[in-house]
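A short write-up of the structure that comes next.
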């Protein structure tokens, strides 16, 4: 047995069923070992970046270790983007970064890089295997770190080392997957109880760290009559069947969440590291998080509790005085209902006669007809907004995206990993045309492996979020538009069914047929390039930015462009 075979055996012991990557000479020993080992497959993708994205998605869907690999030099540097995404998302991923021959390291050899330096910032563990004697111990450490810390572990292995005879027995040791619950210190729980009891009104803002404490969260809100807002990552676990829900804050937000947090006497942050401090009130805030480093790094805290959200709420509940006054809660619920009716629904009503198609309408119809346990993968940009506002969670659906790293091109490779992990579930990639174009070759991966992924392209021929950011900064959009592309024709060219939809009356039937098809389908929906999203609160600075951008555009001869923008977004102010 050589080191490569030992490496693959340990992967099987960890429950790994596949490795995503692109073959290369320094990976040959490992790829050949996979070929000869039952129960594990090599998944050929067309860019190692996609391999890392796919592994990140698989890890998030299953909660188990997922693996990707890159050959020496350029092969493993391609992994970096996807590994940053996995690391920021807390996905347990093991990345094999193969290396040049060990006796050539440091000589400036062909394709030489320093992977142990490259990956240190996007991993919880990164070490080089220079001798056969280090295996399998170093691999077991790497896997346990990925599982225990919830992040990326990187093993750098020169190709010649992978081909050496194994020195130590592989063994049959297992891996600890479930983490211990972090119990909060009693004094911190008491301080939190005192703060809640003293406050006349409380608003809760919950993130993905509260995912496993849904029952305790709703019980708390009922006891203290608190509205519950959520982050984008917390949406799928917190919003559904929640009588206290007031939506989401931030640039992608909607509803009354912003109002609730800014008008409450106390804001309670539960399991969230929400980075946009401009949307936080900056006062009278308590925070609960299992990660000590996150406490207070976004906003000053009145009370900080280091502990698991569920354990903290269970310890907290007996110390709370139930509040009888529902006035604040009911007012926020009324505002939330009005916001949904006047703003969110304004985007999707009266759209059958409007072309180009409103992207909000596409997301709304997709939400309505998708399976109850569908997995949605969402490209970074405007598609994040449409997913946040129009996809309906129900406790069974999943929504994944590059919500923390914020890279483009994630949706399709995320869908690939999710579909491999859950072959019986409907997987829908909500791809932007900009994101899809970046990793367009992964259509070949979908076709090669016959994955029944449904790819819905929001094709507006522009980088919509970048355009919005320019307008907010007072700049006329520049460099954001690109030539129209017929992605349905491209899909058909590689052997995937392609459907082009240009009129709203074609949308529902076209999407329904695509979702019902047994194999992969790409639905290319031509959407309005002028559709912009507005946050729940628009600042005076943002208004000045829009006005300045409009002035510069008009002075530059773009009157028609600004009129198109205005007409497309009149629905932003409907009912206001």
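Residue numbers (UniProt numbering): 1 to 576.
Don't be surprised by glycine CBs; every beta carbon is placed ideally from N, CA and C.
In the three-state reduction of the DSSP assignment, residue 505 falls in the helix class, which pools H, G and I.
Of the candidates 80, 102 and 372, the residue whose Cα lies closest to the Cα of residue 118 is 80.
Taking a contact as a CB-CB distance under 8 angstroms, the pair residue 94 and residue 67 counts as one, their CB atoms being some 5 angstroms apart. Here DSSP, grouped into helix, strand and coil, assigns residue 398 to strand. Taking every protein chain shown into account, the CB of residue 259 has 16 or more other CB atoms within 10 angstroms, so this residue is buried.
Here residue 337 is exposed. Its C-beta has fewer than 16 other C-beta atoms within 10 Å. Excluding residues up to 5 positions away in sequence, 83, 86, 87, 93, 95, 122, 123, 124 and 146 lie with their Cβ nearer than 7 angstroms to the Cβ of residue 152 in the same chain. Contiguous beta strand (DSSP E) elements confined to the region 125-173 occur at 125-128 and 152-158, taking only those with 3 or more residues. One Cα belongs to residue 509, the other to residue 515, and the distance between them is close to 10 angstroms.
Residue 445 places its beta carbon 8 angstroms or farther from that of residue 490.
Distance from the CA of residue 503 to the CA of residue 294, rounded to the nearest whole angstrom, comes to 47 angstroms. If the five residues before and after residue 375 are omitted, its C-beta is found closer than 6 angstroms to the C-beta atoms of 398, 418, 425 and 427, all from its own chain and listed in chain order. Taking 8 angstroms as the upper bound for CB-CB distance, residue 268 and residue 286 are in contact here, some 5 angstroms apart.
The three-state secondary structure of residue 333, taken from DSSP, is helix. Only residues of its own chain outside the window of five on either side were considered, and among them 158, 159 and 160 have a CB closer than 7 angstroms to the CB of residue 101, listed in chain order.
The DSSP-derived three-state label of residue 252 is coil. A Cβ-Cβ distance of about 6 angstroms is found for the pair residue 12 and residue 39, placing them in contact under the 8 angstroms criterion. For residue 46, there is no enclosing alpha helix (DSSP H), as DSSP marks it with neither H nor E. Considering only 43, 75, 180 and 457, the residue with the shortest C-alpha distance to residue 49 is 75.
Restricted to the region 353-401, the beta strand (DSSP E) segments that are unbroken, complete and at least 3 residues in length are 375-378 and 398-401, listed in chain order. Non-local C-beta neighbours of residue 42 in its own chain, meaning closer than 8 angstroms and more than five positions away in sequence, comprise 18, 19, 21, 23, 31, 34 and 35, ordered along the chain. Where residue 466 is concerned, there is no enclosing beta strand (DSSP E), although the alpha helix (DSSP H) around it starts and stops at 464-472.
Annotated three-state conformation of residue 500 is strand, per DSSP. The beta strand (DSSP E) runs of length 3 or more contained entirely in the region 59-86 are, from start to end of the chain, 66-70. Looking only at 517, 187, 14 and 512, the smallest Cα-Cα distance to residue 368 is reached by 512. Distance between residue 505 and residue 240, taken at the CA atoms: about 29 angstroms.
Residue 38 sits in coil when the DSSP states are folded into three classes, being neither helix nor strand. Under a 10 Å Cβ-count criterion, residue 243 is classified as exposed, with fewer than 16 other Cβ atoms of the shown protein chains found around its own Cβ. Counting only the Cα atoms, residue 412 lies some 21 angstroms from residue 396. Cβ-Cβ separation between residue 466 and residue 436: approximately 16 angstroms, too far for a contact (criterion under 8 angstroms). Spanning the alpha carbons of residue 45 and residue 178 requires a straight line of approximately 30 angstroms. In this structure, the CA atom of residue 296 is about 10 angstroms from the CA atom of residue 305.
Residue environment analysis places residue 359 among the buried positions, since at least 16 neighbouring C-beta atoms fall within 10 angstroms of its C-beta. Counting only residues of its own chain and dropping the five nearest sequence neighbours on each side, residue 332 has a CB closer than 7 angstroms to the CB of 227, 246, 256, 259 and 260. When the beta-carbon positions are compared, residue 316 and residue 202 stay at least 8 angstroms from each other. Of all alpha-carbon atoms in 54, 480, 498 and 272, the one lying nearest the alpha-carbon of residue 487 is that of 498.
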